[in-house]
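Read through the structure below, which is laid out as structure tokens, and then see the notes.
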Amino acid sequence: MSAADRLTDALYGLGWSTVKKLPEPAAVRLGRTIADLAWKQRGKGVQRLEANYARVVPGAGPERLAELSRAGMRSYLRYWMESFRLPAWSAERVRTGFEPKDIHYLTDGLASGRGVVLALPHLANWDLAGAWVTTKLGTPFTTVAERLKPETLYDRFVAYREGLGMEVLPHSGGSAFGTLARRLRDGGLVCLVADRDLSASGVEVGFFGETARMPAGPALLAQQTGALLLPVTLWYDDSPVMKGRVHPPVEVPESGTRAEKTSVMTQALADAFASGIAEHPEDWHMLQRLWLADLDPAKGPA
Numbered sequence: 015m016s017a018a019d020r021l022t023d024a025l026y027g028l029g030w031s032t033v034k035k036l037p038e039p040a041a042v043r044l045g046r047t048i049a050d051l052a053w054k055q056r057g058k059g060v061q062r063l064e065a066n067y068a069r070v071v072p073g074a075g076p077e078r079l080a081e082l083s084r085a086g087m088r089s090y091l092r093y094w095m096e097s098f099r100l101p102a103w104s105a106e107r108v109r110t111g112f113e114p115k116d117i118h119y120l121t122d123g124l125a126s127g128r129g130v131v132l133a134l135p136h137l138a139n140w141d142l143a144g145a146w147v148t149t150k151l152g153t154p155f156t157t158v159a160e161r162l163k164p165e166t167l168y169d170r171f172v173a174y175r176e177g178l179g180m181e182v183l184p185h186s187g188g189s190a191f192g193t194l195a196r197r198l199r200d201g202g203l204v205c206l207v208a209d210r211d212l213s214a215s216g217v218e219v220g221f222f223g224e225t226a227r228m229p230a231g232p233a234l235l236a237q238q239t240g241a242l243l244l245p246v247t248l249w250y251d252d253s254p255v256m257k258g259r260v261h262p263p264v265e266v267p268e269s270g271t272r273a274e275k276t277s278v279m280t281q282a283l284a285d286a287f288a289s290g291i292a293e294h295p296e297d298w299h300m301l302q303r304l305w306l307a308d309l310d311p312a313k314g315p316a
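Going by our numbering, the sequence shown opens with residue 15, and the numbers climb by one from there.
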């Protein structure tokens, strides 16, 4: 392991061992302080965040984008502070820490026995939403995690999420899709963060007026298993309680090839994600390139 990898692993380890012991007000202040320092430094992540917000909020000038990126970094650090502290939260704190609207789409789907896929963008704290599902609803679920470097850091994330009641599969390796399909055929729940493609096999979608690529997995799983596909969006307000919404099901088209059906369904997911991101852009933690014009300038608009 390189010195940089050891440092990265040590910093995350320090976060989980130290931040979770802080009183909640102190953790909130610490997160805001770190966010503001990172924002003032205007590193690559902050600049990318502003560039992404420029598409989400068309017409926003430099001052408005700067306000958004500062709020976005504060939201991003709130996610990390909560995540570091989640293992120490009581069951009651988890149950009262999230208030989703239209949860009946999820509970009715699970009660039907057909299996449910929840698809989320990188909004607010998806780990807290998952912990709420396992704690408040008493429903275990399966998810997929990107393999991080160093391997010890990936192991920390897996242990953390398994400690919250999740079954975690590695994104790479090729066996995740089959396992997810089996869980769904057994009437289980699968939760996937699905607004950024981590492979070359993603589906091109229209997203805030330009082309982006999103993973095909949620739509393919729904087609192959008959599971219900539900978009979910999350956001923060001024309270300690995260808010969210379960959107109506994305239906499988009655006609078309598998690729055509996947394209239509993934576009429907993108549209649902866009509605939530447009309402709460500062809670979208997308500090990476997403649109094809950024990934491959040759594919961008003239």
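Quick reminder that beta carbons are idealized off the backbone N, C-alpha and C, glycines included.
Any non-hydrogen atom of the ligand HEM within 7 angstroms of residue i CB
i, result
"R128", "The ligand HEM is not part of this structure, which contains no ligands at all."
Beta-carbon separation (whole angstroms), residue i vs residue j, contact threshold 8 angstroms
i, j, result
"V130", "A241", "6 angstroms"
"K275", "P267", "5 angstroms"
"G202", "M180", "Between M180 and G202 the Cβ distance is about 12 angstroms, and since that is not below 8 angstroms, they are no contact."
Counted within 10 angstroms of its Cβ, other Cβ atoms place residue i as buried (16 or more) or exposed
i, result
"L194", "buried"
"E96", "buried"
"G177", "exposed"
"R56", "exposed"
"D200", "exposed"
Reference residue i; option with closest CA among the options
i, options, result
"G127", "L198, R272, P295", "L198"
"H136", "L63, A236, T276, K115", "L63"
"P295", "I48, Q61, R69, G27", "R69"
"A190", "G231, G86, A307, W305", "G231"
"S213", "E106, A226, V60, C205", "A226"
"R175", "M87, S215, G270, F98", "F98"
"A292", "A307, F221, V108", "F221"
"W146", "A105, P245, S89", "A105"
"M87", "W103, T149, Y67", "Y67"
Proximity of residue i and residue j at Cβ, strictly below 8 angstroms
i, j, result
"V219", "Q302", "no"
"A159", "L248", "no"
"T156", "L132", "no"
"D141", "L100", "yes"
"G258", "P114", "yes"
"E224", "W298", "no"
"R46", "L91", "yes"
"M228", "L283", "yes"
"L134", "V246", "yes"
"T149", "R109", "yes"
Through-space distance from residue j to residue i, alpha-carbon basis
i, j, result
"G75", "K58", "19 angstroms"
"D122", "V33", "37 angstroms"
"G152", "V204", "14 angstroms"
"G270", "D285", "20 angstroms"
"S253", "R272", "43 angstroms"
"M319", "L36", "In the structure displayed, the chain extends from 15 to 316; residue 319 sits before or after that span and is not available."
"E81", "G111", "26 angstroms"
"A288", "I117", "20 angstroms"
"D209", "A40", "32 angstroms"
"S31", "S89", "21 angstroms"
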